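Protein chains in written order, with this note's numbering: chain S, 19 to 174; chain L, 19 to 174; chain X, 296 to 701; chain A, 296 to 701.
Right, one structure below, let's go through it.
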Amino acid sequence: MDLKELYQDIILEHGKSPRNLGKCEGYNHDAKGYNPLCGDKVHIYLKLDNKKKVESLTFEGEGCAISLASASIMTELVNGKSFDEAKDIMSSFLNMIKNTSEIKSNHLDDDQKTKLMSLSGVKQFPMRVKCATLSWHTFVSALEGKKKEVNTEQID
Amino acid sequence: MDLKELYQDIILEHGKSPRNLGKCEGYNHDAKGYNPLCGDKVHIYLKLDNKKKVESLTFEGEGCAISLASASIMTELVNGKSFDEAKDIMSSFLNMIKNTSEIKSNHLDDDQKTKLMSLSGVKQFPMRVKCATLSWHTFVSALEGKKKEVNTEQID
Amino acid sequence: MDVNEIKSQFPIFSKKINGKSLVYLDSSNSSQKPISVINRLNNFYKNEFSNIGRSIHSLAVNATNKFEETRVSVKNFINAKFKEEIIFTKNATEAINLVATTFGQQNIKEGDEIIITELEHHSNYVPWHFLRENKKAIIKFAPINNDGDIIIEELQKLVTSKTKIIAVTHLSNVTGTIVPIKEIVEIARKKNIPVLVDGCQSAPHIKIDVLDLDCDFYAFSGHKVYGPTGVGILYAKRKWLEKLPPYIGGGAMISEVKKNKITYAPLPEKYEAGTMPTAEVITFNESIKFMESIGINNLMKHEKEITDYALEKLKKINSVKIIGNPKNKAGVISFTIKGIHPHDIATILDEDGVAIRAGHHCCQIFHEKMNLTATARASIGVYNTKDDIDILCKAIKNCQKIFDLK
Amino acid sequence: MDVNEIKSQFPIFSKKINGKSLVYLDSSNSSQKPISVINRLNNFYKNEFSNIGRSIHSLAVNATNKFEETRVSVKNFINAKFKEEIIFTKNATEAINLVATTFGQQNIKEGDEIIITELEHHSNYVPWHFLRENKKAIIKFAPINNDGDIIIEELQKLVTSKTKIIAVTHLSNVTGTIVPIKEIVEIARKKNIPVLVDGCQSAPHIKIDVLDLDCDFYAFSGHKVYGPTGVGILYAKRKWLEKLPPYIGGGAMISEVKKNKITYAPLPEKYEAGTMPTAEVITFNESIKFMESIGINNLMKHEKEITDYALEKLKKINSVKIIGNPKNKAGVISFTIKGIHPHDIATILDEDGVAIRAGHHCCQIFHEKMNLTATARASIGVYNTKDDIDILCKAIKNCQKIFDLK
Ligand SMILES: Cc1ncc(COP(=O)(O)O)c(C=O)c1O
Ligand SMILES: Cc1ncc(COP(=O)(O)O)c(C=O)c1O
């Protein structure tokens, strides 16, 4: 296992100064996520336009470097995507963390893929996978308008 | 350990044909005893005269050879004794089973001591000690007019 | 299946009891443990010990993963649908209490009826009795016949619109009766009544398939399935575990804890408060592997062979009376000997190294029904041989000799 | 006390974690086990295994005697008066639930008040919360100050004629605060209010004398006292155990069982339903012997030395903040590092073989009070050395390096 891979500069940087913090104006979807094991919390605010495109995406949260960086990077990458594109990115991210080591989505360019791949170090730290995925699950919950709080203990 | 010592002829004989079975006429004390582990039960009926002498002593019960024989032998030996003599015989019996290997009571003759000593084999079978002592504890409970059922799990 | 090879996996059989080889016929009480199970426990404490779930250091991660692996193995062992349907308790008794308490809290009110049977172990009666005491519920006993079979038609007649749950053993620990659970579930399903199965004696001896049984709850104990003491298992359909309130409250079963409000963790943690029997659960995986290494069909075949042999030989001893004669019988044989109390039998057999149990086997209702206060019980495990039975029979004859009955 | 000799009794310390020697600073979560304990468990399963109480064959007699020997050892360990006052449970959480449930059933009604404190572990809050939910009782939290000490005068003010029980930890698993139980009992005695003490963290670390404390209930877990998982202990004054209703119902806790009536076994069996964690309880005797072989005074002296050393060294690291500064502190040190989340600290420390815990340590009320969501916690056991603390501090510096804070 390699701490340098887990704590790449980009992770530390996003962890320290997360992008898209706060409530976005006019959000019409939101969802909360919670990791009871470590107390990580995230609240996703999402504005979908009438074509179900992500018009803006922000979050509030507290947690470790991994969870904040993951949320921050997600908001950057998913902004402007359509409903289907966003879901595709999300599954490709989860797939990368859990199975393969690559991002397969067609909806990201190479720079974006590289950015997302900065989270791949988590693979070697199984207890930290949930830190990385909490915000993504919560985002999808907001996207799909689910009412129940996302709890990491219920997702695999 | 020696089964022959446990199951001496006199034990087997008393176990098969216990003496003083049933309710004695005009009993003025009685008490019940129970061993929840094996289901042994005994009900002691005691008639004390006005000088607190044991005028008659009988029992009803179900149980193993040891418990029936012990009850049967007890009724034989204690009959006719005074309150204090009876208690002395009882402690001397318990002392024999648990500590020493002799009967020290002055209130029994040599034949009676020999008879009581037939129960000494129980010493080597710790799980059977309660079978041998249940009726004695119950007798004392009757003698002292205690209301609570004797339960072997509460006596040491 | 080579029973001698299997027996050799159990270190205890190389010990002498009263100078004799151990003939262990008390497996219904608790089974002996194979070396793989003993070693797993030993190695876990020596090399891997950590509490689970709460910490994220390497030892804790490993222990947590191993713990969850057992959950998956148990799920597969009893053919449950979801691993969240497997809850670890300390024993089957706690598992049944968990259901009685939480189900009762939510669903039982004065006058409601609970059906159990005359075959039940105290652990599948007392928890319901608490509801009778605390909620003024009614307990109805489905009767058994002299063979020790539950009279299903009579059970059916007990069902009314007030029946809230049926709790029944899968395999009697006195007569070895294998109960036709599917017939009972069918009766219950028609009226939407949940069924709890006490699987303590079935889990070690017959194939368990909770999906096929379609029961709502199934409880058993690890220590009877060649596992360590301290682990019980509750299977419950997910809908129940989601709906019912929590049972034991404390660490690990919560989500958010505030001064005025507490929310509970998702399944299965909701029902696993405090530090679990971590090492024992992890070790129990080896017990399942042991069962699988034999194969349940081989195990059943072997135990049937020994049971049949024992019944045949015991029946030839005149004064021995075997209690019950159920249609389907597993390797639990309770008996009496005319003129000798079971307690005396147990003591005399022990001198020959033969371990059986004497008493009411936690089934006083059964014994009362059969007009008995106590019986002797020889119960069979996968390690028992025909030799064991021969020694048992010889020891029984010794009882008769001592009591001068032969 | 020779710590290296003691450490050598723990096989796990000869293992490598991520290529490094294990620095185990998670003993408040669960302690590691000495070889004498591990061997006892191993030998019991290999040579002596049997269930207890119910059978009368030699193996069962031996197991039953050994089981009761542990009860006597525990009685002596905590200086209880009677061995019947020692009840074995699966963990401390069950022990506290046992009291909350049975005491609540008999003594708590709508509007009654329960006093706990802001220091409590969830296991000493959620069981009382159940009474709040089910009986409409009220929970009052005795406040703590910033040092992590309970403000006794404030606790005293919470007492009213409706106060039915006070439940309080003896030693905080976050701040290491040693709570002056005797002062609290004195307050309670004046109003005849029973006191439950959560002794999970005190039992392994300070001298326990329940007669001197004069508390009504005292709960702790074997696995934190160098014992196996799966054993908890409840001490309760005999008058309570006699008066309160049973908790878990089933085999072994009954006396006579009829279709319409059940009577319960005398103490302690009344509270020990079903097959107990037999092997674990028997093994726990070795844990007590281990504690006694060291001597509680030596152990306290050693742990104080290590704790003081750790506090001193940690305080020298600028960005480290130690949470709480109680008057009497045991070896539990929770801290934060500016700019690094405790979760990240735990991961980075683990790479250096240092096992600590990160999170709320099952004390969300405390963390909320202190305006924290999570802390890192290093907790000390008898095997920890100054070297361990040096490695901890070095690893903390490595965190800072990775996070570029130094
Ligand atoms: C103070 C305190 N109370 C209660 C508990 C619960 O103990 P267990 O998990 O062994 O039931 C713990 C340990 O987790 C504790 O530290
Ligand atoms: C049929 C049956 N039910 C329940 C139990 C209780 O199991 P445990 O004592 O492991 O809780 C037993 C075993 O004693 C049993 O044989």
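A virtual CB, placed ideally from N, CA and C, is assigned to each residue, including glycine.
Here the structure is a predicted model, which means the values were calculated and not measured.
Check: Counting C-beta neighbours from all protein chains within 10 Å, is the total for S/Asp-176 16 or more, i.e. buried, or is it exposed?; Outcome: Summary: the structure shown does not reach residue 176 of chain S, with chain S confined to residues 19 through 174, and so no result is reported for it.
Check: Going by Cα to Cα distance, which pick from S/Tyr-52, S/Leu-21, S/Cys-42 and S/Lys-34 is closest to S/Ser-159?; Outcome: S/Tyr-52
Check: Comparing the CB of X/Asp-407 with every heavy atom of ligand 1, is any distance shorter than 7 Å?; Outcome: no
Check: Show which residues of chain S have a CB atom less than 7 Å away from the CB atom of A/Phe-698.; Outcome: Leu-30
Check: Going by DSSP in three states, X/Phe-515 sits in which element: helix, strand or coil?; Outcome: strand
Check: In chain S, which residues lie with their C-beta within 9 Å of the C-beta of X/Ser-550?; Outcome: Tyr-52, Pro-54, Glu-167, Asn-169 and Glu-171
Check: X/Val-490 to X/Ala-483, Cα distance in whole Å?; Outcome: 7 Å
Check: Closer than 7 Å by C-beta to X/Ser-550: which residues in its own chain qualify, once you throw out the five before and the five after it? Chain order, please.; Outcome: Thr-558, Tyr-559 and Ala-560
Check: Between which two residues does the alpha helix (DSSP H) carrying X/His-424 extend?; Outcome: 421-430
Check: Going along chain X in order, which residues have a C-beta closer than 8 Å to the C-beta of A/Phe-436?; Outcome: Lys-554
Check: Candidates A/Ile-411, A/Leu-354, A/Pro-306 and A/Ile-381: which alpha carbon is nearest X/Phe-344's?; Outcome: A/Pro-306
Check: Suppose contacts are defined by Cβ-Cβ distances below 8 Å. Is X/Val-703 in contact with X/Glu-581 by that definition?; Outcome: No answer is possible for residue 703 of chain X: it lies beyond the span of chain X, which begins at 296 and ends at 701.
Check: Over the uninterrupted beta strand (DSSP E) stretch that includes L/Gly-51, give me the two end residues.; Outcome: 47-53
Check: What is the rounded straight-line gap between the Cα of X/Lys-596 and the Cα of X/His-500?; Outcome: 10 Å
Check: Mind listing which residues of the stretch 624-654 of chain A have their C-beta closer than 7 Å to chain S's C-betas, in chain order?; Outcome: His-636, His-638, Asp-639, Thr-642, Ile-643, Glu-646, Ala-653 and Gly-654
Check: Which bits of chain S does X/Ile-351 rub up against, with CB to CB less than 7 Å?; Outcome: Met-145
Check: Does the stretch 321-332 of chain X touch the stretch 335-354 of chain A, meaning 3 or more C-beta pairs lie closer than 8 Å?; Outcome: yes
Check: Can you name the residues of chain X whose CB is closer than 7 Å to the CB of L/Cys-82?; Outcome: His-636, His-638 and Asp-639
Check: Which of helix, strand or coil does DSSP assign to A/Val-332?; Outcome: helix
Check: Helix, strand or coil for L/Ile-107 per DSSP?; Outcome: helix
Check: Looking at the unbroken alpha helix (DSSP H) that takes in A/Tyr-604, where does it start and where does it end?; Outcome: 591-610
Check: For A/Leu-703, does the three-state DSSP call read helix, strand or coil?; Outcome: Coverage of chain A is limited to positions 296 through 701, which leaves residue 703 of chain A absent and any answer about it impossible.
Check: Name the chain S residues whose beta carbon is nearer than 7 Å to that of X/Val-356?; Outcome: Pro-144 and Met-145
Check: Within the present structure, is the beta-carbon of A/His-416 separated from the nearest heavy atom of ligand 4 by less than 7 Å?; Outcome: This structure lacks ligand 4; the ligands present are ligand 1 and ligand 2.
Check: I'd like to know if S/Leu-137 contacts chain A, where contact means its C-beta is closer than 8 Å to some C-beta of that chain.; Outcome: no
Check: Does chain X have any CB closer than 8 Å to the CB of A/Pro-499?; Outcome: no
Check: With a Cβ-Cβ cutoff of 8 Å, do X/Pro-637 and X/Ala-605 count as a contact?; Outcome: no
Check: Which residue comes first and which comes last in the beta strand (DSSP E) that contains S/Glu-78?; Outcome: 72-80
Check: Closest by CA to X/Phe-698, which one among X/Ser-614, X/Val-318, X/Asp-507 and X/Lys-302?; Outcome: X/Ser-614
Check: Ligand 1 and A/Gln-496: does any heavy atom of the ligand fall closer than 7 Å to the residue's C-beta?; Outcome: yes
Check: Quick one, are the C-beta atoms of A/Val-369 and A/Ile-381 less than 8 Å apart?; Outcome: yes
Check: Going by DSSP, what residue range makes up the alpha helix (DSSP H) through A/Thr-458?; Outcome: That residue, A/Thr-458, is in no alpha helix (DSSP H); its beta strand (DSSP E) goes 458-464.
Check: Check whether the Cβ of L/Cys-149 lies closer than 8 Å to any Cβ atom in chain X.; Outcome: yes
Check: Can you pull the chain A residues whose beta carbon is under 8 Å from the beta carbon of S/Leu-21, in chain order?; Outcome: Thr-642, Ile-643, Glu-646 and Ile-697
Check: Does chain X have any CB closer than 8 Å to the CB of L/Tyr-45?; Outcome: no
Check: Kindly indicate which three-state DSSP category L/Arg-146 falls into: helix, strand or coil?; Outcome: helix
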